[in-house]
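Trainee: Supplied in C-alpha cells, the structure appears directly below.
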Amino acid sequence: MHDTSTQPHGAARPGQLDYRYISLKSLELDPEQLDFHQLLACTGDAEESLRQVVRFRTDGYGKTSFIGSLHALPAPLATFPLWRAELEGWPGELAREDLLARASAPLGQPVGVFLASPGWRMALPDIWQSLLALAWTRAGSPADAALVAHLTDVLRVGHFLQMLEGNRTSLAGHGARRDVLGAQLVLPEGVLVPPR
43 MHDTSTQPHG AARPGQLDYR YISLKSLELD PEQLDFHQLL ACTGDAEESL RQVVRFRTDG
103 YGKTSFIGSL HALPAPLATF PLWRAELEGW PGELAREDLL ARASAPLGQP VGVFLASPGW
163 RMALPDIWQS LLALAWTRAG SPADAALVAH LTDVLRVGHF LQMLEGNRTS LAGHGARRDV
223 LGAQLVLPEG VLVPPR
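Throughout, our numbering is defined as the position within the sequence shown, counted from one, plus 42.
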C-alpha cells in the first residue's frame, strides 16, 4: 500500500481527534460490527489469514462485501476520487456556510443528510474492510494499488464531509482543507499483519 494512504509500520499512533488521520473512530465505525475485521483480529496464523483474505476478495464475509471497483459503490461515491481534487482546489478563505452549500450541491442533499443516508452508512464498512484486505496483501498489483488510492480518496471525502458537518475543526483555510483531504488511513492495532 502506498505511503500516502496508510500509516507506516511501527509509526507512533496519532491522537484520536487528529483530523489528519482517518481511523475507525473518526469514521464512527464499531470494530465489533465489522465481520471481516473481527475474523482477521481472531486469526492467529499468517497462512490462515491469507486464505481468509483471498476468500473475502471473492466471496465476501458475513455482511461484508469486498469492493473490487468504484462502480460497485452507490452514487455518488464512485465520483469521490475526482471530487476530492476539486474540493482540494477550492481557493482562499471560505466560510463554513459557503463550504456546506458548495459541498451539498454535488451531493444533491445537505451534507448531514448524506452522512446519515443508508447508502453511505452501508458502504463505509465494506470500503474500510476492503482496504484492510488490500493492506494485508500489500496491494501487490498495479490494479490493487489504484483501487487502494481510489477507496482511500472516497474515505477522505467522507472524512472531509464529517469534519465540515460536525464543525470539528475550521476548514475555512485552503491549507486546513488540503490537510483533511490528504488525511492518512490508520489501520487498527490488533489485526494480524502479513510478515515482511
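For glycine and all other residues, C-beta sits at the position ideal for the given N, C-alpha and C.
#1: Below 7 angstroms CB to CB, which residues in the same chain sit around residue 171 once its five sequence neighbours on both sides are set aside?
#2: Leaving out the 5 sequence neighbours to the left and right, which residues in its chain are closer than 6 angstroms to residue 219 when beta-carbon positions are compared?
#3: My parser needs the alpha helix (DSSP H) runs of 4 or more residues fully inside the region 103-136; what are they?
#4: Any idea if residue 65 is buried or exposed, counting beta-carbon neighbours within 10 angstroms, 16 or more meaning buried?
#5: Tell me which same chain residues have a C-beta within less than 6 angstroms of the C-beta of residue 201, skipping the five on either side of it?
#6: Do you know whose CA, among 198, 207 and 230, lies nearest residue 62's CA?
#7: Under DSSP, the alpha helix (DSSP H) around residue 155 begins and ends at which residues?
#8: Given this structure, state the Cα-to-Cα distance separating residue 143 from residue 113, to the nearest angstrom.
#9: Please name the residue in 160, 123, 174 and 196 whose C-alpha comes closest to that of residue 73.
#10: Compare the C-alpha of residue 217 against each of 100, 102, 129 and 115 and name the closest.
#11: I need the DSSP call for residue 69, collapsed to helix, strand or coil.
#12: Roughly how many angstroms lie between the CA atoms of residue 166 and residue 135, to the nearest whole one?
#13: Closer than 7 angstroms by C-beta to residue 193: which residues in its own chain qualify, once you throw out the five before and the five after it? Chain order, please.
#14: So, with DSSP's three-state summary, where would you put residue 203?
#15: Check residue 43 in the structure and name its three-state DSSP category.
#16: How many Å lie between residue 156 and residue 150 at the Cα?
Mentor: With the given structure in hand:
#1: On the sequence shown, residue 171 is found 129 positions in, with the first residue counted as 1. Within the same chain, residue 171 has close Cβ partners 76, 78, 79 and 106.
#2: In the sequence shown, counting from the first residue as 1, residue 219 sits at position 177. Closer than 6 angstroms at Cβ, skipping near neighbours: 213.
#3: 122-131
#4: Within the sequence shown, the letter at position 23 stands for residue 65. Classification of residue 65: buried, given that the 10 Å Cβ count is 16 or more.
#5: Translated into the one-based positions of the sequence shown, residue 201 becomes position 159. For residue 201, where only same-chain residues beyond five positions count, the Cβ hits under 6 angstroms are 64 and 225.
#6: In the sequence shown, residue 62 corresponds to position 20, counting from 1. The residue with the shortest Cα to Cα distance from residue 62 is 198.
#7: On the sequence shown, position 113 is the one that residue 155 refers to. Here the alpha helix (DSSP H) through residue 155 covers 153-158.
#8: Indexing the sequence shown from 1 puts residue 143 at position 101. Indexing the sequence shown from 1 puts residue 113 at position 71. Going from the Cα of residue 143 to the Cα of residue 113 covers about 26 angstroms.
#9: Numbered from 1 along the sequence shown, position 31 holds the residue referred to as residue 73. Looking at the Cα atoms, 174 is the closest of the given residues.
#10: For the purposes of this step, residue 217 is identified with residue 175 of the sequence shown, where counting begins at 1. Measuring from the Cα of residue 217, the nearest candidate turns out to be 129.
#11: By 1-based counting over the sequence shown, the position of residue 69 is 27. It is coil, neither helix nor strand.
#12: What you label residue 166 is simply residue 124 of the sequence shown in a count that begins at 1. What you label residue 135 is simply residue 93 of the sequence shown in a count that begins at 1. Those two C-alpha atoms are separated by around 30 angstroms.
#13: Locating residue 193 in the sequence shown gives position 151, where the first residue counts as 1. So the qualifying residues of the chain are 109, 169, 172 and 173.
#14: To locate residue 203, count along the sequence shown from 1; it is residue 161. Correct three-state label for residue 203: helix.
#15: Position 1 of the sequence shown, counting from 1, holds the residue named residue 43. Residue placement at residue 43 is poorly supported in this model, since its pLDDT is 38, which falls under 50; the coordinates still yield a value, given next. If DSSP states are grouped into helix, strand and coil, residue 43 belongs with coil.
#16: Here residue 156 refers to the residue found at position 114 of the sequence shown. Here residue 150 refers to the residue found at position 108 of the sequence shown. So the alpha carbons of these two residues sit roughly 9 angstroms apart.
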